[in-house]
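The structure appears below as structure tokens.
Protein chains in written order, with this note's numbering: chain A, 8 to 274; chain B, 1164 to 1402.
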């Protein structure tokens, strides 16, 4: 029975490692400037954690195979000093690994969440609500109209609570249900939530950030490829959560300018 | 759905209202007819982006527009509920159900006109779930989920009220229930015309309600030498 267990441990270890090594289950191709660092960090984490995983599983299998109870009446052998040094050693080893990975990873994480956005970044407001995303561009005047939550009126496409009757800066604001972006231009999103917590997740950008009602959360990135990818909500936000999504449409600069002009004409 | 089809459905709804009105015949019945228009600049209607719901988006060759103001030729105003708000002695609500469809992630008709106590049946014709949420303030408020293929949701209201309707899954979906006490009501189509039939001679107050431009009333006498008419001119603002 002990030998069968050892074989199962080896098979599980080899199969699960092979799945990762052959990248059957892996992230989709990166399309952002920040993604390179994240992918490198991810690879380093997977390699170091993977090596420890494989070694520890093989040692476990070896000990089970070699020293399992064979029913021959041998007394159970104990490591010198008992299990305590082993547990301490393992804890220190794994703890050191986590600390090192965290310290190394902090640089990449801070590069996304703590660094200042490019001052020339294209600013876009995002409104998340049950169960859709809406995106607002400042229009020709380059200024966003003030948001008035009490004026939010979905039925009339006033998803941001704008007051164009009294606020002239709001009149040319462009609101879209898709996140349309120019390729290779820095983007600064300001995340707003109308009702409950939501999340902005685009695996191809390697970005995931929660929306929190009452907070305006900045998120910046640069898309490097012309692609159309899905934005999904990854915080369970209610009945229609499964259907809360939008599309990120990254296009060449010229095409983006045309899209903006078309949108402006509809305001 | 094209604007033409929407207007056709609105006209169909108006026709349905007229049929309901004829369901209560009276001796020497007269009618009040008229035309609803607007002055000023109405707000621009905007295309609705349904990209997140491909099963609905593909039902529309071109994006449908928001419908809070649907204007016809010569400033005619559609989706105006015109009804007798005083002087109507008709008794009892109509018994036939008013049908309200969710089709292509749009409410058809945009305004459902029904009487207090009259049954309302709400259908989901789409391949996606809807969650219909009439925002009643006088009547009890409810919201109900309706998956594809689910039987119609049946409801009725006990008090007169204009109720905005939204879908909790598709934020752009917007419609209205006009719950009235009178069986004499009509919904204007894109030509802005209406006719309230089956009215016995007498004095009436006619009210016109539009979701954006509010209400107007007129006192009208039926049974005089001239045919009774009531034209309404709503004041439009761009924002």
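Every residue gets a Cβ at the ideal spot worked out from N, C-alpha and C, and that includes glycine.
ask   = Which residues of chain B have a Cβ atom closer than 8 Å to the Cβ of residue 47 of chain A, listed in chain order?
value = What residue 47 of chain A touches in chain B: nothing, since even the nearest Cβ is about 33 Å away.
ask   = At a CB-CB cut-off below 8 Å, which residues of chain A make contact with residue 1327 of chain B?
value = 162
inquiry  = Whole angstroms are fine: how far does the CA of residue 97 of chain A sit from the CA of residue 87 of chain A?
reply    = 16 Å
query = For residue 246 of chain A, which residues in chain B fall below 9 Å Cβ to Cβ?
reply = Per Cβ cutoff of 9 Å: 1292, 1294, 1308, 1331 and 1332.
Per-residue DSSP class, three states only, for residue 1153 of chain B = Nothing in the structure corresponds to residue 1153 of chain B, since chain B is present only between 1164 and 1402.
ask   = Is the Cβ of residue 1311 of chain B closer than 9 Å to any Cβ of chain A?
value = no
inquiry  = If I follow the unbroken alpha helix (DSSP H) through residue 114 of chain A, where does it start and stop?
reply    = 91-120
key: For residue 1376 of chain B, three-class secondary structure by DSSP   = coil
query = Closer than 9 Å, CB to CB, is residue 1305 of chain B near chain A or not?
reply = no
DSSP-derived helix/strand/coil call for residue 252 of chain A = strand
Amino acids of chain B, ordered along the chain, whose beta-carbon sits closer than 8 Å to that of residue 185 of chain A = 1212 and 1214
inquiry  = Judging by CA-CA distance, which residue of A/149, A/134, A/179 and A/172 is the nearest neighbour of residue 161 of chain A?
reply    = A/134
message = Can you tell me whether residue 10 of chain A is helix, strand or coil according to DSSP?
response = helix
request  = Give a yes or no on whether 9 Å exceeds the smallest Cβ distance from residue 1209 of chain B to chain D.
outcome  = In the displayed structure, chain D is absent; the protein chains listed are A and B.
Residue interval of the beta strand (DSSP E) (run including residue 193 of chain A) = That run of the beta strand (DSSP E) goes 193-200.
key: Residues of the region 137-157 of chain A with Cβ closer than 9 Å to any Cβ of chain B, in chain order   = From the region 137-157 of chain A, only 137, 138, 139, 140 and 141 have a Cβ closer than 9 Å to chain B.
ask   = Which term fits residue 253 of chain A, buried or exposed, when burial requires 16 or more other beta carbons within 10 angstroms of its beta carbon?
value = buried
inquiry  = The beta strand (DSSP E) that contains residue 1261 of chain B, what's its start and end?
reply    = 1261-1265
task = Kindly say whether residue 241 of chain A, judged by its beta-carbon, lies nearer than 9 Å to any beta-carbon of chain B.
result = With its beta carbon at least 9 Å from every one in chain B, residue 241 of chain A lies outside the interface.
message = Going by DSSP, what residue range makes up the beta strand (DSSP E) through residue 134 of chain A?
response = 129-136
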